[in-house]
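*Asks:* Protein sequences, first through last, are from chains A and B. When you read off a place in the first sequence, starting at 1, and then add 37, the result is the number in the working numbering. By the working numbering, the letter at position 35 of the second sequence is numbered 19, and the numbering carries on one by one without gaps.
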Amino acid sequence: MAVTAKTVDLTADLGFLKLRNPVLTASGTFGYGLEFGPYLDLEKLGGIVVKGLYYGPREGNPPPRLVETPSGLINAIGLQGIGVEAFAAKVLPELRRIDTAVVVNVCGADDDEYAAVVEFLDGQEGIAAYELNISCPNVKKEGACPALSPRTTFDLVKRLKAASRRPLITKLSPNVTSIVEIALAAEEAGTDAVALVNTFLALAVDLETRRPKLGNVYGGLSGPAIKPIALRMVHQVASRLKAPVIGMGGIMTGADALEFMMAGAAAVEVGTASFVDPDAAVRVADEMARWCESHGIAAVRDVVGTLKTS
Amino acid sequence: MPIERSARLREVRSWDDHFLFSVDAPAVGKEARPGQFVMVKVGEGAFPLLRRPLGVHDAGPEGFELFFRVAGQGTALLARRKPGDLLDVIGPLGKGFTAGRGLAGRTAFLVGGGRGIAPLYFLARALTGVGARPVVFYGGRTAADVPLRDKFAAAGFELHLSTDDGSLGFAGFVTSLVERELGRAEPAMVYACGPDPMMKALAAITARRGLPSELSLESVMGCGIGACWGCVHRIKGGTGDGWVKICEEGPVFPGERVLWP
């Protein structure tokens, strides 16, 4: 039987988690998920990665928090958020009614806070996995975060893996000399998957006022501008790790997503595109199905890691 | 708040770098209330990447109007659109002005600075509809910054103009003009939209006199739908732990709740 967009098998298998399709929404770009209910069918997503959560509410950075750059966006939101208790009380019951994988992005000002967030969430139902946000560039001076060193990555992942009853996805920073080294440290510490990349530490300058355009001085660059670098990093990491890789960085279309899968990603996250088109993540999945149809590919997972480099 | 991917641009009027778009989009037009905004896609490719937030200038069963000034690359691209072109818009978004029957028979001041006049036309029409009497204050740096004066005058609204350089109307800030008129009339409500310094000055004036006000705040926005947390302002008693999202809880806030740096 001929492959059609409707019959293409879009399922993705991370080993610890099976997804309806490979498209998740990237943390920080999709709110807590429910905001997007009016714009797309949340049950057509592979999964939702909710905005990063600290234990308590967090105020975030002073504005301006956003600046647009060529084919990109620099943000310095600073992980403003409601905290896990409000999330569990107000958001999670709603998310549980939706048939999609919910991944919670876990933050912490120190290792103990990460552990406290995981401990609290372990007591809640309706969460498929945790994505460890060890790579937000906007919360400490000069973008400091655990993902900048193999040692701090290893120690934190090891501690949380031992403490958590759920699978861990470690989200990596691209602001490092060797992202492969960090990824290997996370794998050695027992992470179930890695997700990359978080945003690139960046600066935008107002020439006339001689001031940074962001309230926090530096921010994180996302969007199509970073896609080629993100692709390279995903390829490097996927080539060396046994653990599955979730790829992201400037994905706007199904073609972009398929390139990440070809480079070795078992699944992808759509981020900044959701700001431009709230229904972007579902469109990306549809476009992937149509590409598979036109290439006679019965299952999208057959694309994973097929980049020919020799 | 639909995504309207092919809203037809019916008519364009322009005054130098100011543009008035009439757009066919019944789903958006029917739902829109004064003070709400839409997110408009300005380009096709990846740059400019983000949509632009624009206040609804007027709306009805057929569609809506936008009034904007070219302020950067995004609005410059938008300004190149011609009648017949299709626009991709999301909206109406946000919480608008209150313009209820409680104002029937009473006077309201509507204060617009520059492009901030945009949402006040729709508001003035709505106020007239509930039997209130809108008095419009419209200020700019020069006469070229107040191109909608004829439109407001033609609609029969009482209109007070100001320019910083004195080239038209009252010479000075629009807030000074408002202050002068407050000596003669006591409005039941002061509505405003304009640059932050104007809003801050106006908030101080209304606070001093104990007048209720509603301020429509401006910000760069990433998404317009509450997902990115990029458009925050300090608001008293908001839900955002200090920094409150303008797109979601606003853009219109009671003046006494808005905190200024």
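No residue lacks a Cβ here, since even glycine has one placed at the ideal position from N, Cα and C. Treat the numbers as computed from the prediction; the structure is a model and nothing was measured.
Where in the stretch 34 to 81 of chain B do unbroken runs of the alpha helix (DSSP H), each at least 4 residues long, occur, reported from the N-terminal end onward?
*Replies:* Counting only runs of 4 or more, we get 57 to 63.
*Asks:* For the 8 Å Cβ check, are there 3 or more pairs between the stretch -14 to 6 of chain B and the stretch 46 to 66 of chain B?
*Replies:* They touch, by the three-pair rule.
*Asks:* At the level of alpha carbons, what is the spacing between A:V104 and B:G115?
*Replies:* Here residue 104 of chain A refers to the residue found at position 67 of the first sequence. Here residue 115 of chain B refers to the residue found at position 131 of the second sequence. About 43 Å.
*Asks:* If contacts are defined as beta-carbon pairs under 8 Å, then A:K81 and A:A322 qualify, I think. What distance do you get, rounded to the angstrom?
*Replies:* Reading the first sequence from its first residue, position 44 is the one you call residue 81 of chain A. Reading the first sequence from its first residue, position 285 is the one you call residue 322 of chain A. Between A:A322 and A:K81 the Cβ distance is about 7 Å, and since that is below 8 Å, they are a contact.
*Asks:* Quick one: is A:P174 near chain B, going by C-beta distance under 7 Å?
*Replies:* Taking the first sequence and counting its residues from 1, one reaches residue 174 of chain A at position 137. Not closer than 7 Å to any Cβ of chain B, the Cβ of A:P174 fails to qualify, so no.
*Asks:* Determine the extent of the beta strand (DSSP E) in which A:A232 is found, giving its start and end residues.
*Replies:* Position 195 of the first sequence, counted from the start, is the residue given in the question as residue 232 of chain A. Note, A:A232: beta strand (DSSP E), 230 to 233.
*Asks:* Could you name the residues of the stretch 288 to 314 of chain A whose beta carbon sits closer than 8 Å to any beta carbon of chain B, in the order they occur along the chain?
*Replies:* Hits within the stretch, in order: M289, T309, S311, F312, V313, D314.
*Asks:* In chain order, what are the residue ranges of uninterrupted beta strand (DSSP E) at least 3 long that sit wholly in the stretch 140 to 186 of chain A?
*Replies:* Fully enclosed beta strand (DSSP E) runs of 3 or longer: 166 to 170.
*Asks:* Mind listing which residues of the stretch 94 to 109 of chain A have their C-beta closer than 9 Å to chain E's C-betas, in chain order?
*Replies:* The structure shown contains no chain E; the protein chains it does contain are A and B.
*Asks:* How far does the beta strand (DSSP E) with A:F297 in it reach, from first residue to last?
*Replies:* The residue you call residue 297 of chain A lines up with position 260 of the first sequence. That residue, A:F297, is in no beta strand (DSSP E); its alpha helix (DSSP H) goes 291 to 299.
*Asks:* Taking the alpha helix (DSSP H) that B:M182 belongs to, which residues open and close that run?
*Replies:* Counted from its first residue, the second sequence places residue 182 of chain B at position 198. Note, B:M182: alpha helix (DSSP H), 180 to 193.
*Asks:* Give the secondary structure of B:C215 by DSSP, where H, G and I count as helix, E and B as strand, and everything else as coil.
*Replies:* Position 231 of the second sequence, counting from 1, holds the residue named residue 215 of chain B. Coil at B:C215, not helix or strand.
*Asks:* Considering only the beta carbon of each residue, do A:K195 and A:A222 sit closer than 7 Å?
*Replies:* As a first step, residue 195 of chain A must be located in the first sequence, where it is residue number 158. As a first step, residue 222 of chain A must be located in the first sequence, where it is residue number 185. No; because the gap between Cβ atoms is not below 7 Å, this pair is not in contact.
*Asks:* Is B:C177 helix, strand or coil when you go by DSSP?
*Replies:* Taking the first residue of the second sequence as 1, we reach residue 177 of chain B at position 193. In this structure, B:C177 counts as strand in the three-state DSSP scheme.
*Asks:* Report all residues from its chain with a CB closer than 7 Å to the CB of A:G180; omit the five preceding and five following residues, and keep chain order.
*Replies:* Residue 180 of chain A sits at position 143 when you count from the first residue of the first sequence. These residues qualify, in order along the chain: P174, N212, L238, Y255.
*Asks:* State the CB to CB distance for the pair A:G145 and A:V154, rounded to an integer number of angstroms; the pair is presumed to be in contact (CB under 8 Å).
*Replies:* To locate residue 145 of chain A, count along the first sequence from 1; it is residue 108. To locate residue 154 of chain A, count along the first sequence from 1; it is residue 117. Indeed they touch by this definition, with Cβ atoms about 6 Å apart.
*Asks:* Mind checking B:E(-12): buried by the 16 CB within 10 Å criterion, or exposed?
*Replies:* In the second sequence, the residue the question calls residue -12 of chain B occupies position 4. Counting Cβ neighbours within 10 Å, B:E(-12) comes out buried, since at least 16 surround it.
*Asks:* Near B:I189, what residues of its chain come up, given a Cβ to Cβ distance below 6 Å and the 5 sequence neighbours on each side ignored?
*Replies:* The sequence position of residue 189 of chain B within the second sequence is 205, counting from 1. Once the five neighbours on either side are set aside, the close Cβ partners of B:I189 are E163.
*Asks:* Using a threshold of 6 Å, is the CB atom of A:K279 nearer than that to any non-hydrogen atom of the ligand FMN?
*Replies:* Although the ligand FMN was asked about, the structure shown includes no ligands whatsoever.
*Asks:* With DSSP collapsed to three states, give me the class of B:Y122.
*Replies:* Within the second sequence, residue 122 of chain B is the residue found at index 138, counting from 1. The answer is strand: DSSP assigns B:Y122 an E or B state.
*Asks:* Give a yes or no on whether the minimum CB-CB distance between B:V54 and chain A is below 7 Å.
*Replies:* As a working mapping, residue 54 of chain B is identified with position 70 in the second sequence. Answer no: the Cβ-Cβ gap between B:V54 and chain A never drops below 7 Å.
*Asks:* Give me the Cβ distance between A:S259 and A:T236, rounded to the nearest whole Å; I'm assuming they're in contact under 8 Å.
*Replies:* Against the first sequence, residue 259 of chain A aligns to sequence position 222. Against the first sequence, residue 236 of chain A aligns to sequence position 199. Confirmed, about 5 Å.
*Asks:* Let's test the definition: count the other Cβ atoms within 10 Å of the Cβ of A:L244 and tell me whether it reaches 16, buried, or not, exposed.
*Replies:* One-based indexing of the first sequence puts residue 244 of chain A at position 207. Burial call: exposed.
*Asks:* Could you check which residue in A:T190, A:M285, A:R277 has the C-alpha nearest to that of A:G65?
*Replies:* As a working mapping, residue 65 of chain A is identified with position 28 in the first sequence. Looking at the Cα atoms, A:M285 is the closest of the given residues.
*Asks:* Which stretch, first to last residue, makes up the alpha helix (DSSP H) that contains B:V158?
*Replies:* Position 174 of the second sequence, counted from the start, is the residue given in the question as residue 158 of chain B. Residues 158 to 166.
*Asks:* Could you check the C-alpha separation between A:L197 and A:A152 for me, to the nearest Å?
*Replies:* Here the question's residue 197 of chain A lines up with position 160 in the first sequence. Here the question's residue 152 of chain A lines up with position 115 in the first sequence. Spanning the two alpha carbons is a distance of roughly 6 Å.
*Asks:* Using a 10 Å radius around the Cβ and a threshold of 16 neighbouring Cβ atoms, would you call B:D149 buried or exposed?
*Replies:* One-based indexing of the second sequence puts residue 149 of chain B at position 165. Exposed, since its Cβ has fewer than 16 Cβ neighbours within 10 Å.
*Asks:* Consider the Cβ of A:I135: report whether some Cβ of chain B lies at a distance smaller than 7 Å.
*Replies:* In the first sequence, counting from the first residue as 1, residue 135 of chain A sits at position 98. No, A:I135 lies away from the interface with chain B (no Cβ there is under 7 Å from its Cβ).
*Asks:* Report yes or no: is there a C-beta of chain B within less than 7 Å of the C-beta of A:Q117?
*Replies:* Walking along the first sequence from the start, residue 117 of chain A turns up at place 80. With 7 Å as the cut-off, A:Q117 counts as an interface residue toward chain B.
*Asks:* Please name the residue, chosen from A:G97, A:E122, A:V121, that lies closest to A:I114 on a Cα-to-Cα basis.
*Replies:* Residue mapping note: residue 114 of chain A aligns to position 77 of the first sequence, counting from 1. Measuring from the Cα of A:I114, the nearest candidate turns out to be A:G97.
*Asks:* A:Y92 and A:L116 look like a contact to me (Cβ under 8 Å); what is the Cβ gap, rounded to whole Å?
*Replies:* Within the first sequence, the letter at position 55 stands for residue 92 of chain A. Within the first sequence, the letter at position 79 stands for residue 116 of chain A. Not a contact, Cβ separation roughly 12 Å.
*Asks:* Measure the beta-carbon distance from A:K208 to A:L169 and round it to whole angstroms, keeping in mind my assumption that it falls under 8 Å.
*Replies:* For the purposes of this step, residue 208 of chain A is identified with residue 171 of the first sequence, where counting begins at 1. For the purposes of this step, residue 169 of chain A is identified with residue 132 of the first sequence, where counting begins at 1. At roughly 6 Å, the Cβ-Cβ gap stays under 8 Å, so A:K208 and A:L169 are in contact.
*Asks:* Under a three-way DSSP split, which group does B:D8 fall into?
*Replies:* Stepping through the second sequence from its first residue, residue 8 of chain B is reached at position 24. If DSSP states are grouped into helix, strand and coil, B:D8 belongs with the strands.
*Asks:* So A:F312 is in the alpha helix (DSSP H); what residue range does that whole segment cover?
*Replies:* Walking along the first sequence from the start, residue 312 of chain A turns up at place 275. Taken as a continuous stretch (DSSP letters only), the alpha helix (DSSP H) holding A:F312 covers 310 to 313.
*Asks:* Unbroken beta strand (DSSP E) runs of length 3 or more, entirely within the stretch 75 to 111 of chain A: which are they?
*Replies:* Fully enclosed beta strand (DSSP E) runs of 3 or longer: 84 to 90, 103 to 106.
*Asks:* I need the straight-line Cα distance from A:F67 to A:G308, nearest angstrom please.
*Replies:* Within the first sequence, numbered from 1, the residue matching residue 67 of chain A stands at position 30. Within the first sequence, numbered from 1, the residue matching residue 308 of chain A stands at position 271. Their Cα atoms are separated by approximately 7 Å.
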